[in-house]
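The sequence shown begins at -9 in this note's numbering and counts up by one.
Where a beta carbon is used, it is the ideal one built from N, C-alpha and C, also for glycine.
Computed from a predicted model, the values in this text were never measured in an experiment.
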Amino acid sequence: MPRIIAIANQKGGVGKTTTCVNLAASLAAMKQRVLLVDLDPQGNATMGSGVDKYAVEQSIYDVLVHRTPVSEVAQPAGESGFHVLPANGDLTAAEVELMQVEGRERRLRASLATAAQDFDYILIDCPPSLNMLTLNGLVAADGVIIAMQCEYYALEGLSALMDTIRRVADSVNTSLQVEGILRTMYDPRNSLTNDVSSQLHGYFGDKVYRTVIPRNVRLAEAPSHGLPAMYYDRYSRGSRAYMALAGEIIRREEQRVAAATGVATDEAMP
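In structure tokens, the structure reads:
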């Protein structure tokens, strides 16, 4: 079964979509089979993956509303090695249409289950708000990566998101957990960055990824070329950071599976 990870934050502009696209490309570069699910009607993850949202004949809208199989809608992200379930403006209508449907919050989960054997990781780019689309993403996911800047207002938004995750876990997805906290647009020269980072470590402990994503102009430029950063400038600091994050996620997953099955990993063996 694939590991299904939602990348979420109810605050916009925190590098959530950038993380989705670049993490997908980095995991694919490490020989993982990856599906990126774009759940944002803006379709930024779609365009950033090199898929023209205006040209797609079918999108995640069709998967959610018409139950079109994932295999018919997913598209390769150019030469980046992963697949995308694209999104565009049509997705705005999905929220209204799903309100009339029984089990509406489980639509994405049911659809992804039919494609489980085809992927090792499924990444879900959630919209920067709490709505029916975000709820579908959280219900479908095993874990949530919270992308956030190390600033005061980000901490306030984090408590609201944690409350949302808790409610979903208590009601419709009991296996949902925080996969990790990812610090984005990181500048260690800023004292507030270091203060917030310390608070995150104090509260979340090892849930905070060791990898940090720096402020990097190449990361900002890459989407306009329809490319993940590693295919725009593989030697940039941003590209290297996402490769490190992918490695950290794979190691954590190997340790989780080993703990669940009672098999020691190489790291844990004497």
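Within the model, the alpha-carbon separation for A131 versus F72 is close to 18 Å.
Taking C-beta atoms under 8 Å as the contact rule, N12 and P218 qualify, at a distance of about 5 Å.
Counting only the Cα atoms, A106 lies some 29 Å from I203. Under the three-state reduction of DSSP output, G170 falls in the strand class. In this structure, DSSP gives M175 an extended state, which the three-state scheme calls strand. Bounds of the alpha helix (DSSP H) holding T251 are R227 to T251. Annotation note: the segment 24 to 67 contains the following uninterrupted alpha helix (DSSP H) runs of length 4 or greater, listed N- to C-terminal: 34 to 38, 50 to 55 and 60 to 63. Between the segment 55 to 64 and the segment 225 to 242, the count of Cβ pairs shorter than 8 Å is below three; the stretches do not touch. Between the C-alpha atoms of H56 and N126 there is a straight-line separation of about 15 Å. For T183, the closest of E211, V207 and L145 by C-alpha to C-alpha distance is L145. With contacts defined as CB atoms closer than 9 Å, R(-7) and D110 qualify as a contacting pair. Looking at the DSSP output, Q139 sits in a beta bridge with T174. Fewer than three pairs of CB atoms, one per stretch, sit closer than 8 Å, so the segment 177 to 191 makes no contact with the segment 4 to 18. Exposed is the label assigned to D153, since fewer than 16 other Cβ atoms lie within 10 Å of its Cβ. V129 sits in a helix when the DSSP states are folded into three classes. A direct Cα-to-Cα measurement between V247 and G237 gives close to 15 Å.
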